[in-house]
Ligand code: C2O
Ligand code: CU
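In my numbering, the protein residues as written are 214 to 816.
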């Protein structure tokens with residue numbers, strides 16, 4: 214519902230943009246009526262958004278956009294005149310401008326004052342220019358009104374550009390006593406698991422035979438699966454052979470100490486060709502995790518710099534395990550969806566009666582749909598967190614996996630085949646003889662973690678901090694360029710997005726509302742979060758712990774976490790394109806600073 218309202222409002226706004234100049238030029242009553250009608254439509258849409266989704270979805274519409282359009286158009290209809298028509302046209306266009314150039318809630322007074330001033334100036338100019346016209350002065354032919362109108366967008370863009378330029382020196386948690394460098398894993402004791410990941414340019418061959426100009430860890434992508442038992446100390450040495458952009462290893466979903474987090478420009482410098490970096494951390498939680506480079510993720514994760522990290526429970530059940538990445542490869546003929554490197558149906562043997570666990574990981578930048586055909590199955594874990602009371606799901610239930618997210622799927626092998634199907638032609642079929650053809654299923658149902666499973670929620674406790682994030686599409690400066698992007702957080706793009714500041718031990722409640730027209734998989738480093746509600750509906754299933762939350766158009770998620778891992782952490786959209794465009798912010802602990810800086814985006 215909220216999602217469609219956002220699209221309806223966007224359509225009305227675009228129509229307003231077309232109708233306003235005509236109405237302003239020809240001050241005809243009928244044309245002004247159209248403008249007033251569009252404004253009324255936007256008023257209704259915003260009102261419904263408020264009722265169904267709450268203030269976070271509707272606030273900038275109700276405080277600025279709709280009043281500008283409605284009041285100016287109403288005036289022109291009520292007291293028609295040339296000047297009123299000019300003001301109505303300008304008011305309508307400004308109302309749309311503030312949809313296209315989102316602003317932080319704190320900026321509302323400035324935005325309103327600037328808009329009202331502009332409208333007053335336009336009214337004044339309209340009168341003066343009208344008189345000039347009669348006197349046939351040359352000056353009167355200049356496009357004064359248009360110039361005055363353009364002043365608002367121009368000023369907005371200059372201010373936004375300055376906020377962005379001021380960004381690179383932005384406060385990394387202030388003048389802290391503790392440097393990120395000091396927040397390491399155990400440095401001296403001998404590791405339980407020791408591995409080396411060597412990053413290099415290597416071609417990767419997909420099952421169809423297509424060859425990708427890829428980047429790999431240890432010559433293969435997905436890279437080697439790293440396995441550890443809970444409580445073990447890992448030591449991973451990352452070596453960069455020839456990846457020019459530099460490489461890091463980020464342990465997605467693992468709450469490592471900050472210095473081990475692998476974020477260039479924040480927790481380390483990217484490892485240049487010929488360089489190396491050692492990561493050490495204890496695997497404290499069981500589950501399916503993954504590692505990937507955090508430098509130029511947009512291209513370099515897509516090209517193959519990722520792999521799985523599985524933390525096992527030493528007393529866990531005996532299962533046949535398989536990890537599969539839903540990946541989209543940049544193949545020579547365009548993007549190809551695959552499970553690992555299988556861009557066509559793949560097979561695997563699994564004896565009847567055997568318990569199977571498929572660890573699915575979405576390493577692509579878009580949400581991926583997964584179905585299981587041939588047997589009822591359970592979602593046993595979400596982002597590595599075991600689901601309590603997981604009940605069997607119908608074959609064909611559609612699972613939507615956020616970019617960066619993981620679902621562990623479990624089932625007991627029947628006598629016939631079971632197929633895990635991904636996008637495009639990709640699927641993996643388990644069967645006793647390992648040769649069966651895929652079984653497709655579609656039940657039309659979609660899996661919803663909000664209500665899945667059962668189990669007591671942790672007791673409610675007071676929060677020391679609350680943060681609200683609004684996600685928008687709009688104009689903004691990112692990396693020094695002005696563009697229209699789907700990547701604004703509270704009206705800003707990284708590095709101009711203020712950090713969320715916390716103190717160690719704080720309990721934090723956060724809300725994220727998406728007014729954007731596309732999906733945003735939000736990922737917080739270093740902490741897992743627990744979803745409290747979505748669109749006002751409380752989470753009622755197993756406590757929904759996650760680290761990567763897919764936020765769709767019109768969604769408002771409320772979640773909590775405990776600030777128990779000091780550092781400067783990334784909180785960003787895992788669609789690397791959006792991240793590169795600026796959908797990044799930091800969670801910064803008081804008293805922590807970073808000695809690293811980079812002209813590059815940290816994603
Ligand atoms: Cu999987 Cu900051 O990323
Ligand atoms: Cu996004």
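For glycine and all other residues, C-beta sits at the position ideal for the given N, C-alpha and C.
Out of 607, 693, 619, 790, point me to the one whose CA is closest to residue 653's CA. Counting from 1 along the chain shown, the entry for residue 653 is found at position 440. Per the C-alpha coordinates, the member of 607, 693, 619, 790 positioned closest to residue 653 is 607.
Mind checking which residues open and close the beta strand (DSSP E) that includes residue 306? Here residue 306 corresponds to residue number 93 of the chain shown, with the count starting at 1. No beta strand (DSSP E) contains residue 306, which is instead part of the alpha helix (DSSP H) from 295-313.
Cβ-heavy atom distance, residue 796 to the ligand CU, below 7 angstroms: Reading the chain shown from its first residue, position 583 is the one you call residue 796. Indeed, a heavy atom of the ligand CU lies less than 7 angstroms from the Cβ.
Would you list the residues sitting across from residue 436 in a DSSP beta bridge? Along the chain shown, read from residue 1 onward, the residue named residue 436 stands at position 223. Residue 436 pairs with 520.
Around the ligand C2O, what residues have a beta-carbon under 5 angstroms from a heavy atom of it, in chain order? Residue list for the ligand C2O: 465, 617, 783 (CB closer than 5 angstroms to any heavy atom, chain order).
Bridge partners for residue 838 per DSSP, in chain order? Coverage of the chain is limited to positions 214 through 816, which leaves residue 838 absent and any answer about it impossible.
Using a Cβ distance threshold of 8 angstroms, determine whether the segment 498-516 contacts the segment 455-466, with at least three qualifying pairs required. Short answer: they touch.
Measuring alpha carbon to alpha carbon, tell me which residue in 779, 310, 303, 711 is nearest residue 335. Looking up residue 335 in the chain shown gives position 122. Ranking the options by Cα distance to residue 335, first place goes to 303.
With 16 other Cβ atoms within 10 Å as the buried cut-off, status of residue 229: Taking the first residue of the chain shown as position 1, residue 229 is located at position 16. By the 10 Å Cβ count, residue 229 comes out buried.
Pair every Cβ in the segment 303-314 with every Cβ in the segment 671-690, then say whether three or more of these pairs are closer than 8 angstroms. As far as the Cβ criterion goes, the segment 303-314 touches the segment 671-690, which means the pair count is three or higher.
Mind checking which residues open and close the alpha helix (DSSP H) that includes residue 460? Your numbering for residue 460 matches position 247 in the chain shown. Note, residue 460: premise wrong, no alpha helix (DSSP H); not H, not E.
At which residues does the alpha helix (DSSP H) containing residue 768 begin and terminate? In the chain shown, counting from the first residue as 1, residue 768 sits at position 555. Careful: residue 768 lies outside any alpha helix (DSSP H) and carries neither H nor E.
Run through DSSP, which three-state label would residue 223 get? Looking up residue 223 in the chain shown gives position 10. Looking at residue 223 - three-state DSSP - the assignment turns out to be helix.
For residue 650, count neighbouring C-beta atoms within 10 Å of its own C-beta (all shown protein chains included) and say buried if the count is 16 or more, exposed if not. Taking the chain shown and counting its residues from 1, the one referred to as residue 650 is at position 437. So residue 650 counts as exposed.
Considering only residues of the same chain and omitting the five flanking positions on each side of residue 320, which have a CB-CB separation below 8 angstroms? As a first step, residue 320 must be located in the chain shown, where it is residue number 107. Closer than 8 angstroms at Cβ, skipping near neighbours: 704.
Mind checking which residues open and close the alpha helix (DSSP H) that includes residue 246? Here residue 246 is taken as the residue at index 33 of the chain shown, counted from 1. Judged by DSSP secondary structure, residue 246 falls within the alpha helix (DSSP H) whose first and last residues are 242-266.
Should residue 791 be counted as a contact of the ligand CU given a C-beta to heavy atom distance under 7 angstroms? Position 578 of the chain shown, counted from the first residue, corresponds to residue 791. At least one heavy atom of the ligand CU is nearer than 7 angstroms to the Cβ of residue 791, so yes.
Give me, in chain order, the residues of the same chain whose beta-carbon lies closer than 7 angstroms to that of residue 729; leave out the 5 immediate sequence neighbours on both sides. For the purposes of this step, residue 729 is taken as residue 516 along the chain shown, with counting starting at 1. For residue 729, where only same-chain residues beyond five positions count, the Cβ hits under 7 angstroms are 684, 685, 686, 699, 766.
Does the beta-carbon of residue 676 have 16 or more other beta-carbons within 10 angstroms, so that it is buried, or is it exposed? Mapped onto the chain shown, residue 676 falls at position 463. In the assembly as shown, residue 676 is an exposed residue. Its beta-carbon has fewer than 16 other beta-carbons within 10 Å.
Where does residue 534 fall in DSSP's three states? The residue given as residue 534 occupies position 321 in the chain shown. The three-state reading of DSSP puts residue 534 in strand, counting E and B together.
State the CB to CB distance for the pair residue 563 and residue 627, rounded to an integer number of angstroms; the pair is presumed to be in contact (CB under 8 angstroms). Mapped onto the chain shown, residue 563 falls at position 350. Mapped onto the chain shown, residue 627 falls at position 414. The beta-carbon distance between residue 563 and residue 627, rounded to whole angstroms, is 10 angstroms. This is too long to meet the 8 angstroms contact definition.
For a test of your reading of the model: does the CB of residue 763 fall under 7 angstroms from any non-hydrogen atom of the ligand CU? Yes or no. Within the chain shown, residue 763 is the residue found at index 550, counting from 1. Remark: the C-beta of residue 763 is outside contact range of the ligand CU, defined as less than 7 angstroms to any heavy atom.
Does the Cβ of residue 703 lie closer than 7 angstroms to at least one heavy atom of the ligand CU? By 1-based counting over the chain shown, the position of residue 703 is 490. Between the ligand CU and residue 703, a heavy atom-to-CB distance of less than 7 angstroms is absent.
Tell me, please, which residues DSSP counts as bridged to residue 775. Within the chain shown, residue 775 is the residue found at index 562, counting from 1. Note: residue 775 sits in a beta bridge opposite 720.
Should residue 577 be counted as a contact of the ligand FMN given a C-beta to heavy atom distance under 7 angstroms? You won't find the ligand FMN in this model; what it holds is the ligand C2O and the ligand CU.
Cut-off 6 angstroms between Cβ atoms - residues of its own chain near residue 488, not counting five sequence neighbours on either side: Locating residue 488 in the chain shown gives position 275, counting from the first residue. Excluding positions up to five away in sequence, the list reads 453.
How long is the line joining the alpha carbons of residue 577 and residue 522, rounded to whole angstroms? Start at 1 with the first residue of the chain shown, and residue 577 comes out as number 364. Start at 1 with the first residue of the chain shown, and residue 522 comes out as number 309. Spanning the two alpha carbons is a distance of roughly 17 angstroms.
Let me know the beta strand (DSSP E) ranges lying completely inside the segment 385-427, each 3 residues or longer, listed in chain order. As for any beta strand (DSSP E) of minimum length 3 sitting wholly inside the segment 385-427, the runs are 406-418, ordered along the chain.
For the candidate residues 482, 359, 326, whose alpha-carbon lies nearest to that of residue 338? Taking the chain shown and counting its residues from 1, one reaches residue 338 at position 125. Measuring from the Cα of residue 338, the nearest candidate turns out to be 359.
Between residue 810 and residue 481, what straight-line distance do the alpha-carbon atoms span, to the nearest angstrom? Locating residue 810 in the chain shown gives position 597, counting from the first residue. Locating residue 481 in the chain shown gives position 268, counting from the first residue. Going by the C-alpha atoms only, they are around 9 angstroms apart.
Which residues does DSSP pair with residue 448 in a beta bridge? Locating residue 448 in the chain shown gives position 235, where the first residue counts as 1. Bridge partners of residue 448: 407, 493.
List the whole-angstrom C-beta distance separating residue 633 from residue 537, where the pair is believed to meet the contact cut-off of C-beta under 8 angstroms. Here residue 633 is taken as the residue at index 420 of the chain shown, counted from 1. Here residue 537 is taken as the residue at index 324 of the chain shown, counted from 1. The beta carbons of residue 633 and residue 537 sit about 7 angstroms from each other, so the pair counts as a contact at 8 angstroms.
Given a cut-off of 8 angstroms, decide if residue 271 and residue 285 are closer than it, judged by their beta-carbon atoms. For the purposes of this step, residue 285 is taken as the residue at position 72 of the chain shown. For the purposes of this step, residue 271 is taken as the residue at position 58 of the chain shown. Going by beta carbons, residue 285 and residue 271 fall outside the 8 angstroms limit.
Let me confirm a value: residue 438 is counted as buried when at least 16 other C-beta atoms fall within 10 Å, else exposed. Which label applies? The residue given as residue 438 occupies position 225 in the chain shown. Residue 438 comes out exposed.
For residue 476 and residue 463, the rounded distance between their alpha carbons: Locating residue 463 in the chain shown gives position 250, counting from the first residue. Locating residue 476 in the chain shown gives position 263, counting from the first residue. Between residue 463 and residue 476, the C-alpha separation is close to 7 angstroms.
Please report the Cβ distance between residue 666 and residue 597, rounded to the nearest whole angstrom; I am assuming they are in contact, meaning their Cβ atoms lie under 8 angstroms. Looking up residue 666 in the chain shown gives position 453. Looking up residue 597 in the chain shown gives position 384. Contact between residue 666 and residue 597 does not hold, since the beta-carbon distance rounds to 15 angstroms and is not under 8 angstroms.
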